[in-house]
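For reference, the structure discussed in these notes is given below.
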Amino acid sequence: MHPATPPTASAPAGRTYRTPLPRRRLLRGLLAVAVAAPLIAGAAACGGDDPATDPNAPVKLSVFWWGGEARAKLTEEALALYTKKHPNVTFEKTWQANQGYFDKLATLTAGGNPPDLFQIDDNFLAEYAARNTTLDLTPYQSSGKLDTSKFPKSLWQYGVVDGKLAGLAAGENTQGLVYNKSLLAKHGLPEPTTGMSWEEHIAWAERVARTAKVPGTQDPSADYKAFWVWLRQQGKDMYSGSELGFTAEDVTRWFELWKGARDRGATPTPDVIHEGNVTDISKQLVVTGKAATSWVWVNQMPELKKNTKDELGVVAYPGDPSAQWARASMYWSVFRGSKHRDVAVDVINFLMNDPEAVKLLGTDRGLPSNQDLRRVVSDDTTDPAMKQSIAVEAELAQKFGESPQVPIKGHSKVRSELVKAAENAQYGRANPAEAAAQFVAACKSAIA
Amino acid sequence: MALTTAPDPTRRGPGSVRPRANRRGPGRSRHGDGLAGYVFLSPWLIGLMAVTAIPMLLSLYLSFTNYDILTPWSEVEWVGLANYERMFTADPSWWHSVRVTLTFALVAVPLKLAAALGVALLLNRAWRGVGVFRGLFYLPSLLGGSVALAIVWVNMFNRDGAVNSFLALFGVTGKPWVNDPDWALETLMVLAIWQFGAPMVIFLAGLKQVPTELYEAAAVDGAGRWRQFVNVTLPMLSPVIFFNLVLETINGFQGFTAAFVLSNGTGGPVDSTLMYTLNLYITGFTDLEMGYASAMAWVFLVAVAVITVIFFSTGRFWVHYSDGEDR
Chain E
-17 MHPATPPTAS APAGRTYRTP LPRRRLLRGL LAVAVAAPLI AGAAACGGDD
33 PATDPNAPVK LSVFWWGGEA RAKLTEEALA LYTKKHPNVT FEKTWQANQG
83 YFDKLATLTA GGNPPDLFQI DDNFLAEYAA RNTTLDLTPY QSSGKLDTSK
133 FPKSLWQYGV VDGKLAGLAA GENTQGLVYN KSLLAKHGLP EPTTGMSWEE
183 HIAWAERVAR TAKVPGTQDP SADYKAFWVW LRQQGKDMYS GSELGFTAED
233 VTRWFELWKG ARDRGATPTP DVIHEGNVTD ISKQLVVTGK AATSWVWVNQ
283 MPELKKNTKD ELGVVAYPGD PSAQWARASM YWSVFRGSKH RDVAVDVINF
333 LMNDPEAVKL LGTDRGLPSN QDLRRVVSDD TTDPAMKQSI AVEAELAQKF
383 GESPQVPIKG HSKVRSELVK AAENAQYGRA NPAEAAAQFV AACKSAIA
Chain S
5 MALTTAPDPT RRGPGSVRPR ANRRGPGRSR HGDGLAGYVF LSPWLIGLMA
55 VTAIPMLLSL YLSFTNYDIL TPWSEVEWVG LANYERMFTA DPSWWHSVRV
105 TLTFALVAVP LKLAAALGVA LLLNRAWRGV GVFRGLFYLP SLLGGSVALA
155 IVWVNMFNRD GAVNSFLALF GVTGKPWVND PDWALETLMV LAIWQFGAPM
205 VIFLAGLKQV PTELYEAAAV DGAGRWRQFV NVTLPMLSPV IFFNLVLETI
255 NGFQGFTAAF VLSNGTGGPV DSTLMYTLNL YITGFTDLEM GYASAMAWVF
305 LVAVAVITVI FFSTGRFWVH YSDGEDR
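So the sequences go chain by chain: E and S. Per my numbering, the first sequence starts with residue -17, numbered consecutively. Per my numbering, the second sequence starts with residue 5, numbered consecutively.
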């Protein structure tokens, strides 16, 4: 190495504390920065309203969502339209796949750098709302800056947490049982229908398995949304206030129902069920040909269709369809500490109520929340899979029951505990009663 | 580290004082050099502070709080030892992840080292093309903890993956390995063992250091290959074995990527691949219990440190340094 002349060669000699001092100062400085950064962020989060600034001042709004490339394209087009109408507002767009999205969102929030506007779903809405991370949209709603007059009431209400409108439904969807039409036609088997009982569904699935040699139905015992619909048909619910809306006996019956189905050969083997439990929408069993039906959301039909050549059909989950509800497929929320919250709210209003923007976005995030525009979009759409999901949803809308409360804090943990307990039963490591007891105990500590 | 390599005119040592250093004369003071050292160190030092030391101290603090990522720091509550108490007394999944990690390390590390040593012995010969083999055996560990490799692994060990197709040739019906709670962890172990390239290269270097005279002397004394291996190779190699053992054990405890990819970040099926670090990640980032996750991280750090200390203290009894006599 070249013996470089140190830049501090002229430092006076004889002072032995000379070197430790800058180090200590450096340490202190770094520590101060590390401690101050979150404090500053915290202070920012407690800041007041937007000052009444020049409406034409340039604004850069950060937007974050999850989804595929198709969604990214549509969203970017819609945001570009907003910029066209409000040239002072530009967007910093970030998007990624669903897996890891909420890890990233949490990290951004912790780092004091959360997006102004972000997509969120009912698994996490209560988590964020309970910690005051989301802006309460109620004042905007009452002042008319956020227009929900064309929304079904139950839909926007599904974004209310503790009396605050924490997120606005970006679209509406509901549970959908998707089946492989081509497979059934090939073997001359009947298609499932809305209103079939659970017993009938399992018997039908067994028949499919016998005839077509493909398991008739994915075992949804690990699927919280199927469990939820079933619970509502039993007069129970997922949550009741801040408590669980069901007991271990209910869960036992649910697990036993599906143990029966597995024993009859109506479902795939546990390892394949597990595959269906953990993979994303593009690899659901109805698409990979490992089962004749999958339990999904109706708005996911186009995405499923993209991954298979077979024709798909969709009906409601078994049992009384009034147990299903107009669910907010996902929400747009504004970060409470955003410097541009008024603009962010206006962008939400634009994405939800501007005819051109809504037309651009289509049904990618579910049926448009604005019912007038929903009609326009469904008349215009050409994608057959999208048409199908609109038709089913429109039919079910007549039968929808009341919305349940938004899932409470701890819900995402409850979901993963359900998978764990159900798989314990599926792999035969626990009987339904044991698995149910394990699940309820885990839930209680998760929501405590 | 870099500081000690800087020429220091005041220290006596064979050949360490180069004429150029002398030419600078006595005017160059000792702490002047020290300061220069710190200046040169600063990129590393700042990195250490900002990326390692400060976050570590903050995480120690967080481990005594109920920090949940979303709540601003100003509202974080001090909970004392509650997180640690919960870990040891009220969290079965924590104990489960400890068991999974210990099982993984206890099986995978010795087998990996044995494989590495075995292949190193085979490759420590003057065969034609031995270099090619060395490269090929080293290749898997170049891919390291890569996500791509884990994805390939999942697909190979699926119900209809390559492994089962191969087994079918012999009329053996395979298992759904990665999707079977009884086999998922074993699949991860095989992946870890397969990546024995790094310790193998170190073993090879160690083997080259063993003086051939020792083998010749042993052969003259009538020792067979096995005796030579046990009484010459192993003792002479013991420092290298020790080094690999410590390193691989720490690595084994930290296994994350493959488990994360294989289970889609859940530790499944049925928690069978819930490695400690994966559990920590889920607790912190999915369940948002960052305070508790910080406590888990500190217990982990202490546990790994204790195990390393145990290795070092037992090392005295079985690690032989050949240059020990003249010290």
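Heads up, the beta-carbon is just placed ideally off N, CA and C, and yes, glycines get one too.
Residue-chain proximity (residue i, chain E), Cβ-Cβ < 8 angstroms
i             : result
residue 17/S  : Unreliable positioning characterises residue 17/S in this predicted model, as indicated by a pLDDT of 45, which lies under 50. The coordinate reading is nonetheless provided below. No, residue 17/S does not count as interfacial toward chain E.
residue 289/S : yes
residue 183/S : yes
residue 270/S : yes
residue 83/S  : no
residue 26/S  : Its pLDDT being 47, under 50, residue 26/S is placed unreliably by the model, and the measurement read from it follows with that caveat. Cβ-Cβ to chain E under 8 angstroms: no for residue 26/S.
residue 103/S : no
residue 155/S : no
residue 21/S  : Bear in mind that the predicted position of residue 21/S carries a pLDDT of just 44, short of 50, making it unreliable; the figure below should be weighed with that in mind. So no, residue 21/S is outside the interface.
residue 114/S : no
residue 277/S : no
residue 151/S : no
residue 197/S : no
residue 167/S : no
residue 158/S : no
Test: residue i CB closer than 8 angstroms to a CB of chain S
i             : result
residue 113/E : yes
residue 88/E  : yes
residue 398/E : yes
residue 417/E : no
residue 78/E  : no
Contacting residues, own chain, Cβ-Cβ under 6 angstroms from residue i (five flanking each side not counted)
i             : result
residue 145/E : none
residue 171/S : 178
residue 87/E  : none
residue 367/E : 283, 284 and 287
residue 134/E : 308
residue 332/E : 64 and 339
residue 214/E : 305
residue 276/E : 160, 200, 266, 267 and 268
residue 164/E : 292 and 293
residue 76/E  : 46
residue 103/E : 312
residue 29/E  : Note on residue 29/E: pLDDT 39, under 50, position unreliable in the model; the coordinate value appears next. Hits under 6 angstroms: none found.
Assumed close pair residue i, residue j - CB separation to whole angstroms, cut-off 8 angstroms
i             : j             : result
residue 204/E : residue 404/E : 4 angstroms
residue 176/E : residue 97/E  : No, residue 176/E and residue 97/E are not in contact; Cβ-Cβ is about 39 angstroms, not under 8 angstroms.
residue 190/E : residue 198/E : 4 angstroms
residue 232/E : residue 289/S : Not really, about 31 angstroms apart at Cβ, beyond 8 angstroms.
residue 188/E : residue 246/E : 5 angstroms
residue 397/E : residue 206/E : 5 angstroms
residue 155/E : residue 281/E : 4 angstroms
residue 116/E : residue 91/E  : Not a contact, Cβ separation roughly 10 angstroms.
Within 8 angstroms, strictly: CB atoms of residue i and residue j
i             : j             : result
residue 347/E : residue 140/E : no
residue 315/E : residue 94/E  : no
residue 289/E : residue 260/E : no
residue 184/S : residue 253/E : yes
residue 249/E : residue 418/E : no
residue 240/S : residue 208/S : no
residue 57/E  : residue 48/E  : no
residue 431/E : residue 151/E : Only positions -17 to 430 of chain E appear in this structure, which leaves residue 431/E out of reach.
residue 386/E : residue 108/E : no
residue 228/E : residue 218/E : yes
residue 230/S : residue 195/S : no
Cut-off 8 angstroms between Cβ atoms - residues of its own chain near residue i, not counting five sequence neighbours on either side
i            : result
residue 85/S : 68
residue 77/S : 71
Same chain, Cβ closer than 7 angstroms to residue i, neighbours up to 5 away in sequence not counted
i             : result
residue 399/E : 421, 424, 425 and 428
residue 111/S : 193
residue 256/E : 405
residue 3/S   : Given that chain S is displayed from residue 5 to residue 331, the structure contains no residue 3/S and the question cannot be resolved.
residue 279/S : 101, 104, 105, 108, 259, 260 and 263
Near the ligand FAD: residue i beta-carbon under 7 angstroms from a heavy atom
i             : result
residue 290/E : Within the structure as shown, the ligand FAD is missing, as the structure has no ligands at all.
Exercise for review: Could you list the residues in the region 299 to 316 of chain S with a C-beta less than 7 angstroms from some C-beta on chain E, going in chain order?
Suggested key: none
Check your understanding: Taking Cβ-Cβ distances below 8 angstroms as the criterion, which residues of the region 382 to 394 of chain E are in contact with chain S?
Key -> 394
Check your understanding: In chain order, what residues of the region 207 to 227 of chain S put their CB closer than 9 angstroms to some CB of chain E?
Key -> none
Exercise for review: May I ask you to list, following chain order, the residues of the region 266 to 281 of chain E that have a beta carbon less than 9 angstroms from some beta carbon of chain S?
Suggested key: none
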